[in-house]
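Mapping to numbering that gives the first Met the number 0: the sequence shown position 19 is 18, numbers consecutive.
Everything on this sheet refers to the single structure shown next.
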Amino acid sequence: MKRTGILNRHLAGALAELGHGDGVLVCDAGMPIPDGPRVVDLAFRAGVPAFAEVLDGLLAELVVEGATAARELREANPEASSLLEGHFPGLDLVSHERLKELSAGARLVVRTGEARPYANVLLRCGVFF
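Structure (structure tokens):
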């Protein structure tokens with residue numbers, strides 16, 4: 000058994016398959032999940048696991064070259080907004096409807112148990128070299 004990093008075998012395997020430019024949607028429990036992308040649903044109950052915990056775990060495993068979130072996040076969920084803007088100084092903000100459209104092109108969706116509005120981000124994978 001793995002000692003460190005992501006232990007969920009479905010998530011670890013999905014991350015290993017990602018390549019440059021692939022999209023990863025990290026979303027709250029209320030975000031509509033598009034048909035098509037591989038889905039790893041980590042939601043256990045409301046708030047568990049938290050969006051911040053899942054995001055931090057993923058960022059320890061991935062190289063990210065860009066991120067997109069809903070502009071409604073700033074007003075509706077300032078805590079998540081600060082978290083994302085702290086991790087991604089060049090965070091691209093679009094309407095929530097546009098984020099849902101863009102998420103259809105993601106290769107992987109990771110659903111958290113987050114129960115606060117707009118705790119969603121679309122990550123664009125980079126390369127480690």
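Ideal Cβ positions, reconstructed from N, Cα and C, are used throughout, including at glycine.
If you draw a straight line from the C-alpha of residue i to the C-alpha of residue j, how long is it?
| i | j | result |
| --- | --- | --- |
| Val70 | Glu100 | One detail in the question is off: residue 70 reads as Arg in this sequence, not Val. Their backbone Cα atoms lie some 14 Å apart in a straight line. |
| Val126 | Phe43 | 31 Å |
| Leu122 | Leu72 | 16 Å |
| Ala114 | Phe128 | 36 Å |
| Pro48 | Gly4 | 16 Å |
| Ile32 | Ala15 | 21 Å |
| Leu6 | Glu52 | 14 Å |
| His86 | Glu78 | 13 Å |
| Glu60 | Arg8 | 14 Å |
| Pro88 | Leu98 | 18 Å |
Are the beta-carbon atoms of residue i and residue j separated by less than 8 Å?
| i | j | result |
| --- | --- | --- |
| Leu90 | Glu96 | no |
| Gly131 | Cys124 | The displayed coordinates of the chain run from 0 to 128. Any statement about residue 131 would go beyond what the structure contains. |
| Val109 | Leu58 | no |
| Val93 | Thr67 | yes |
| Gly22 | Gly104 | yes |
| Gly112 | Gly46 | yes |
| Ala118 | Asn76 | yes |
Under 7 Å Cβ to Cβ from residue i, same chain only, skipping five residues before and after it: list those, please.
| i | result |
| --- | --- |
| Ala13 | Arg37, Val39 and Leu107 |
| Val62 | Cys124, Gly125, Val126 and Phe127 |
In the DSSP output, what is residue i paired with across the bridge?
| i | result |
| --- | --- |
| Leu107 | Val23 and Arg37 |
| Ala66 | Leu122 |
| Leu10 | Note: Leu10 sits in no beta bridge, so no partner. |
| Leu92 | Ala68 |
Leaving out five residues before and five after residue i in sequence, what residues of the same chain have Cβ atoms less than 6 Å from its Cβ?
| i | result |
| --- | --- |
| Leu82 | Ala51 |
| Glu64 | Arg123 and Gly125 |
| Leu54 | Val25 |
Under 8 Å Cβ to Cβ from residue i, same chain only, skipping five residues before and after it: list those, please.
| i | result |
| --- | --- |
| Arg2 | none |
Please give me, in chain order, every unbroken run of the alpha helix (DSSP H) with length at least 4 that falls completely inside the region 13 to 63. Every alpha helix (DSSP H) stretch that sits fully inside the region 13 to 63 and reaches 4 residues is listed by chain position as 50 to 60.
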